[in-house]
Amino acid sequence: MPSPTVFVVDDDQAVQRSLRWLIESVRLPVQTFASAQEFLGCYDAELPGCLLLDVRMPGMSGLDLQQHLAARHRHHLPLIFVTGHGDVQMAVRAVQTGAFDFIEKPFNDQDLLDRVQRAIAHDAARRDRDNQHRELRERFDALTAREREVLDLVVQGQSNKAVAHALGLSAKTVEFHRAKVMEKLHARSLADLVKLAMVHAGEGE
16 MPSPTVFVVD DDQAVQRSLR WLIESVRLPV QTFASAQEFL GCYDAELPGC
66 LLLDVRMPGM SGLDLQQHLA ARHRHHLPLI FVTGHGDVQM AVRAVQTGAF
116 DFIEKPFNDQ DLLDRVQRAI AHDAARRDRD NQHRELRERF DALTAREREV
166 LDLVVQGQSN KAVAHALGLS AKTVEFHRAK VMEKLHARSL ADLVKLAMVH
216 AGEGE
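Residue numbering for the sequence shown follows our numbering, beginning at 16 and increasing consecutively.
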C-alpha cells in the first residue's frame, strides 16, 4: 500500500508552496495542483490520503470537484475545504453533503495538520473496512450451493437434525457441510458464523 498523500488543489501558487512546506514538515508526502481539472487528470482512487482544496477557483470550483468525485466514485478521498470568511456557509453545506471538514483562512498551522491527520486516519479505517468486506464476500462466494443452504438454516437456529430433515440429507452429511462452511468462512464458533452472515447480509442491502 502506498504512503498516504495529501493532495492540495489551489490556484494560488503561494498557498500551494506554503501548504507543501507545512505538510512536508511532518513528513507527509504532498502533491499540489493549480486546478481541479489538473487534479482529476492524475486522480487515482486507489491512492490513500486526503484532499485539501480551495472552495473558490477559476473553472471547476472545489464544490464542483466534490460533486464530480461523488458522482463517479462510491468512495473517494476525504475532502477538507479551505475557505475564506465569505465561503463559510458554502463550506458547511459541503460538509453536510459528504466533505470531511473545512478550515477557515487564515488558519492555525497545527489545527490544519491535526485535521489532515484525522482525515488520513479516517481514510485508512475506511480502506481497512472495505478490504475486510471484500475478503468476506470472496469467502462467501467460495461456498457451494448446498453449503449456502446449510448455512442459511444454521444461522436461523436450526439444529443439524432439523437441517438434515429440511434438506433431505443425513445428519452426518450436514455435519460435513457445516464444517466446510466454518472452514471457508474462517468462523471459530457458531456465534462467529452468525455474525459473519449478518455482516454479509447487511452488505447486500
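We put the beta carbon where it would ideally sit given N, CA and C, even for glycine.
From the DSSP secondary-structure annotation, give me the bridge partner or partners of residue i.
i          : result
leucine 78 : In the DSSP output, where bridge partners are listed per residue, leucine 78 has none listed.
Check residue i in the structure and name its three-state DSSP category.
i             : result
valine 21     : strand
leucine 151   : helix
aspartate 116 : strand
valine 97     : strand
leucine 67    : strand
valine 45     : strand
methionine 72 : coil
glutamine 173 : coil
aspartate 283 : Residue numbering for the chain in the displayed model covers 16 to 220; residue 283 lies beyond these limits and cannot be assessed.
glycine 183   : coil
So, residue i versus residue j, is the Cβ gap smaller than 8 Å?
i                 : j                : result
arginine 154      : histidine 201    : yes
valine 196        : leucine 158      : yes
leucine 37        : aspartate 124    : yes
phenylalanine 115 : isoleucine 135   : no
leucine 211       : leucine 151      : yes
leucine 67        : phenylalanine 22 : yes
arginine 130      : histidine 90     : no
Between which residues of its own chain and residue i is the CB-CB distance below 8 Å, once the five residues before and five after are set aside?
i          : result
valine 221 : For the chain, the structure presents residues 16 to 220; residue 221 sits outside this window and is missing.
Only counting the same chain, and skipping five residues up and downstream in sequence, which positions put a Cβ closer than 7 Å to that of residue i?
i          : result
leucine 78 : Val70, Met105, Ala109
Within its chain, find whatever has a CB closer than 6 Å to the CB of residue i; leave out the 5 residues flanking it on each side and keep chain order.
i                : result
phenylalanine 48 : Val24, Phe54
My understanding is that residue i touches residue j, with C-beta atoms under 8 Å, so please give their C-beta distance in whole angstroms.
i            : j            : result
threonine 20 : glutamine 46 : 6 Å
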